[in-house]
Amino acid sequence: MSEYKAEFVSAWKEEKGREKWREDFPFEFEDDEFVSRRDFIRFLAMVSAGLAVGNAAILVKTIFAPDGTAFPEREVASADELTPGSWKLFQYPDADSPSIMVRRESGELIAFQQKCPHLACPVTYQPSSGNTPEHLSCHCHNGKFDISTGKGVAGPPRELRPLRVVLLKARGGRIFATGLAEIRKA
Amino acid sequence: MKEIVRTLRRHPGFAAAQQARLLIVIALCVFQYWLLTTGMEAFHSGNGSIVLASAIVSFVCFILAAGLVLAGEMSWRRMVNHFGKENEIVQK
Chain A
1 MSEYKAEFVS
11 AWKEEKGREK
21 WREDFPFEFE
31 DDEFVSRRDF
41 IRFLAMVSAG
51 LAVGNAAILV
61 KTIFAPDGTA
71 FPEREVASAD
81 ELTPGSWKLF
91 QYPDADSPSI
101 MVRRESGELI
111 AFQQKCPHLA
121 CPVTYQPSSG
131 NTPEHLSCHC
141 HNGKFDISTG
151 KGVAGPPREL
161 RPLRVVLLKA
171 RGGRIFATGL
181 AEIRKA
Chain B
1001 MKEIVRTLRR
1011 HPGFAAAQQA
1021 RLLIVIALCV
1031 FQYWLLTTGM
1041 EAFHSGNGSI
1051 VLASAIVSFV
1061 CFILAAGLVL
1071 AGEMSWRRMV
1081 NHFGKENEIV
1091 QK
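Protein chains in written order, with our numbering: chain A, 1 to 186; chain B, 1001 to 1092.
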């Protein structure tokens, strides 16, 4: 800083009691981050609008969802492919929908969508052991589902919707997936 | 303007009303967030009636929140005009 400038700065400070740059920039650093109640409530109004738009988007998606009866028929397995107590994975009705078909210990063939209703972890089949009957299990949060209905019987899935049943049809020694069952309301 | 703001802050009724509005809007936002998660769950389970009800209630909550914010803004402007005029009278 030149001598003249240094003299000017010190004279200014002596006369005014503060540096000149404070007059040019009278904004305190802390004030930049200050949020008043008015600003915060206006921000919350925007959040509320966003949440309302989100709900409206879900409603629009529900209205324009594809017809539930128009499911494709897809071959899944041969009739004798699965032995009692075994299972097979397949995609139905589309590639993004993993499903699991189980040959129960009684011999009955049943299939469910594989995504756990809690946080979409894949469920697996657990054969009966000791006092525990055969069931479907989600290992993420120790959830269990009834093998005959898909309803949650333990863990977080108890309070959520059941696994959706994939409808099966046997024809000519082959097993076909033909649709998804309606969700039974509580 | 700073003087007016300081006067407004010292006005207990105005500050309390502002605080109450803020708390109500926060509660409405929390409720709307719950409605959104409920609507999403209902959509995945194929239950359309819940989705419709959730969307309607969420919209009503937004209208209420927007109304409160608007009421707060109008109240603020009224107070600023009021105290601004008082300041003019005092300065005269």
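Just so you know, even glycine gets a beta-carbon here, dropped at the ideal spot from N, CA and C. Because the structure is a prediction, the values reported are computed rather than measured.
Asked	Found
Determine which residues of the stretch 108-122 of chain A have a Cβ less than 7 Å from any Cβ of chain B, and write them out in chain order.	none
Quick one, which of A/Met46, A/Asp96, A/Leu59 has its alpha-carbon nearest B/Leu1052's?	A/Leu59
Are A/Pro162 and A/Lys151 close, meaning C-beta to C-beta below 7 Å?	yes
Just how far apart, CA to CA, sit B/Phe1014 and B/Arg1078?	11 Å
Going residue by residue through the stretch 1002-1079 of chain B, where are the continuous alpha helix (DSSP H) segments of at least 4 residues, counting only ones entirely within it?	1002-1010, 1012-1045
Is there a Cβ from chain A that is less than 7 Å from the Cβ of B/Phe1083?	no
Shortest alpha-carbon distance to A/Met46 belongs to which of B/Thr1037, B/Asn1081, B/His1082, B/Ala1066?	B/Ala1066
Could you pull the start and end residues of the alpha helix (DSSP H) that A/Ser48 belongs to?	37-63
Would the stretch 96-107 of chain A count as touching the stretch 153-161 of chain A if we require 3 or more Cβ pairs under 8 Å?	no
Hey, would you say the C-beta of B/Phe1059 is under 6 Å away from at least one heavy atom of the ligand ADP?	Although the ligand ADP was asked about, the structure shown includes no ligands whatsoever.
7 Å is my cut-off, CB to CB: does A/Leu44 come that close to chain B?	yes
Evaluate A/Lys61 with the Cβ neighbour count: other Cβ atoms within 10 Å of its Cβ, from every protein chain shown; 16 or more gives buried, anything less gives exposed.	exposed
Could you check whether the Cβ of B/Ser1117 sits closer than 7 Å to any Cβ belonging to chain A?	Summary: the structure shown does not reach residue 1117 of chain B, with chain B confined to residues 1001 through 1092, and so no result is reported for it.
For A/Ile175, which of A/Glu73, A/Cys138, A/Arg158 has the nearest alpha-carbon?	A/Glu73
What residues in the stretch 53-67 of chain A have a beta carbon less than 7 Å from any beta carbon of chain B?	Gly54, Asn55, Ala56, Ile58, Leu59, Lys61, Thr62
Classify A/Gln22 as helix, strand or coil using the three-state DSSP reduction.	Per the sequence shown, the amino acid found at residue 22 of chain A is Arg instead of Gln. Looking at A/Arg22 - three-state DSSP - the assignment turns out to be helix.
Grab the span of the alpha helix (DSSP H) containing A/Ser97 for me, first residue to last.	Careful: A/Ser97 lies outside any alpha helix (DSSP H) and carries neither H nor E.
Going by C-alpha to C-alpha distance, which of B/Val1057, B/Val1060, B/Leu1036, B/Gln1018 sits closest to A/Ser36?	B/Gln1018
Can you give the beta carbon distance from A/Ser129 to A/Arg103, rounded, assuming they're within the 8 Å contact cut?	Incorrect: roughly 17 Å between the Cβ atoms, too far for contact.
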